[in-house]
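Using the working numbering, the letters of the sequence shown map in sequence onto residues 4 to 501. Just so it is clear, CB atoms sit at the ideal spot from N, CA and C, and this is done for glycine as well. It should be emphasised that the depicted structure is a prediction, and the values quoted were computed from it without experimental measurement.
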Amino acid sequence: MEIRQELYEHIQKLSFNFFDNRPVGKILARVIGDVNSLKNILTSSVITLIPDFVSVIVVLVIMMILNFRLALAALSMLPLLIFGMYFIEVRAHKRWQKFRKKSSNLNAFTHEDFSGIKVVQSFTAEAQTSKTFAKLLRDLNKSFMSAIRLNDLFWPMVELSWGIGVVLVFFIGVRLLDTGSITVGLLVAFISYISMFWNPIMNLSNFYNQLITNLAGAERIFEILDIEPDISDESEAREMPPIKGDVRFNKVTFSYDGKVEVLKDLSFHIKEGETIALVGPTGAGKTTIVNLISRFYDINEGVIMIDNYNIKGVSIESLRGQMGIMTQDTFLFSGTIADNIRYGKLNATDEEIIAAAKAVHAHEFIMGFEDGYKTKINERGSKLSVGQRQLIAFARTMIAKPSILMLDEATSSIDTRTERLVQQGIESLLENRTSFVIAHRLSTIQKADRIMVVDKQGITESGSHDELMNRKGHYYDLYMAQFKTADEIIENLQVTGT
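Laid out in structure tokens, this is it:
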């Protein structure tokens with residue numbers, strides 16, 4: 004339990020880079036399956052290793068006292084046993100490593116397939132995914148049988164070594180009887196001691212065999228534990244004081260892979276309490292800017308300052324604890340609606356939860372459920388509408404009372420009434436705090452204090468909606484391409500009274 008807990012807590016502290024490059028299913032395989040492998044090793048060692056090792060030493064000393072030559076004969080097969088064990092271990096270890104990887108691949112595929120089951124069924128892709136699963140399962144079984152066949156050689160080799168040892172002792176003992184060097188009673192006693200000697204040897208060999216089988220999984224655990232978080236507190240990191248919201252980027256350069264620069268020499272200054280709408284083409288770096296402010300990634304060059312504090316010089320917990328982050332993919336946990344809202348402030352009272360929900364206009368629809376705030380929701384809130392999930396997430400962020408808000412607006416289409424509630428919820432969140440909004444709604448963009456147009460060259464334009472439209476630059480082109488049609492639709496709906 005302690006190993007699994009330690010691994011879980013360690014993984015939680017790893018940075019986004021770790022999760023960006025590993026499917027969730029493979030991580031689950033480490034936390035569950037591989038930990039069981041390590042548990043098997045530790046359990047086996049405690050139960051058998053120490054008493055069997057002591058038994059071998061004691062019996063060996065007695066055998067040496069009884070007759071040195073017969074003792075050497077009994078021990079003569081140990082080199083053969085050790086060589087055979089090593090021969091099998093080298094090959095079996097590689098095969099068990101391969102088996103663990105195949106098992107992780109199957110776990111990753113299964114997790115991904117079930118997580119995206121709506122997509123699978125909507126495209127009637129069940130047959131294709133079943134074929135893929137069957138292939139992965141065949142590969143897993145093939146690698147398992149390959150490892151097991153090699154393991155099956157282990158016990159015949161141990162028993163052969165024991166048998167040869169007994170024959171040698173008997174043969175040499177008979178010759179010593181002929182010369183009168185030993186008595187029949189001593190030979191019988193010695194053969195009995197050989198059995199007493201080989202029983203713990205076999206137990207130790209069995210432990211070694213189990214070690215070979217489970218070592219690949221244990222290694223994968225320590226491989227994770229050896230990974231240091233990319234983002235960590237500096238040795239002299241201080242606590243971030245209550246944030247006012249002044250944000251400054253000074254010649255910031257960043258790359259995810261160390262090769263392609265997503266941001267280069269980016270500089271801007273956001274005043275306390277400003278609402279900034281980030282607009283621009285996909286891949287321009289809008290989400291990256293938000294992630295860097297929260298220090299989910301560290302910049303390669305430049306400085307990011309909040310209230311004149313370099314964010315690298317303050318503790319991560321004190322920094323992120325004052326920020327509210329909402330992504331397009333609204334994530335809700337299994338549990339009640341109240342539990343999900345309380346996630347923003349773990350010690351929140353029921354009154355605070357209700358107040359937060361009312362502030363973002365979520366209270367009405369929540370009370371429409373039979374159990375109200377105690378309504379159980381599934382993983383990701385699959386039984387709720389898109390708009391309802393967003394409003395609950397707004398309440399979760401509101402109750403945290405962040406000093407800086409970062410919101411990536413969802414692009415999902417929702418009904419007009421819910422859209423109005425969502426927009427009101429956004430306005431409540433943005434009030435009285437510095438906010439960065441990756442904006443997809445025209446209404447959000449128009450109400451922002453400032454619009455920053457982001458593209459591959461950095462911040463190409465900055466200003467209000469009217470100012471940027473009058474310039475007829477990048478923002479004007481973007482508006483005409485992306486927002487004008489949506490604006491006309493809204494106007495038509497208003498004219499028709501919808």
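- For Ser297, there is no enclosing alpha helix (DSSP H), since its DSSP letter is neither H nor E.
- Within a 10 Å sphere around the beta-carbon of Ser235 sit fewer than 16 other beta-carbons, which makes this residue exposed.
- For Asn209, no beta strand (DSSP E) segment is defined; the enclosing uninterrupted segment is the alpha helix (DSSP H) at 187 to 228.
- Ranked by how close their Cα comes to the Cα of Glu5, the residues Arg33, Glu162, Lys42 have Lys42 in first place.
- Tyr346 is classed as buried because its beta carbon has at least 16 other beta carbons within 10 Å across all chains shown.
- Annotated three-state conformation of His443 is coil, per DSSP.
- In this structure the segment 246 to 254 does not touch the segment 61 to 81; the number of beta carbon pairs closer than 8 Å is below three.
- The Cβ neighbour count for His364, taken over all protein chains shown within 10 Å, is at least 16; the residue is labelled buried.
- Membership of Ser465 in any alpha helix (DSSP H) is not indicated; the residue belongs instead to the beta strand (DSSP E) covering 461 to 466.
- Between the alpha carbons of Phe210 and Leu156 lies a gap of roughly 15 Å.
- Distance from the CA atom of Gly305 to the CA atom of Gly390, rounded to whole angstroms, is 39 Å.
- Taking a cut-off of 8 Å on C-beta distances, the segment 214 to 232 touches the segment 99 to 107, as three or more cross pairs fall below it.
- Counting only runs of at least 4 residues, the segment 385 to 433 fully encloses the following alpha helix (DSSP H) elements, listed from N- to C-terminal order: 389 to 403, 419 to 433.
- If you check the CB distance, Leu266 and Ala442 do not come in under 9 Å.
- In this structure, Ala150 keeps its C-beta atom at 9 Å or more from the C-beta atom of Trp201.
- Taking all protein chains in view, the Cβ of Glu464 is crowded by 16 or more other Cβ atoms within 10 Å, so the residue is classified as buried.
- In the DSSP annotation of this structure, the continuous segment of the alpha helix (DSSP H) that includes Gly28 starts and ends at 27 to 32.
- Our two residues, Phe136 and Asp116, have alpha carbons roughly 9 Å apart in a direct line.
- Secondary structure at Met80: coil, using DSSP grouped into helix, strand and coil.
- A Cβ-Cβ contact shorter than 9 Å links Leu63 with Ala74.
- Listed in chain order, the non-local C-beta contacts of Pro284 below 7 Å within the same chain comprise Asp458, local neighbours out to five positions each way being set aside.
- In the three-state reduction of the DSSP assignment, Thr135 falls in the helix class, which pools H, G and I.
- A Cβ-Cβ contact shorter than 9 Å links Asn253 with Met308.
- DSSP places Asn343 in the uninterrupted alpha helix (DSSP H) bounded by 340 to 345.
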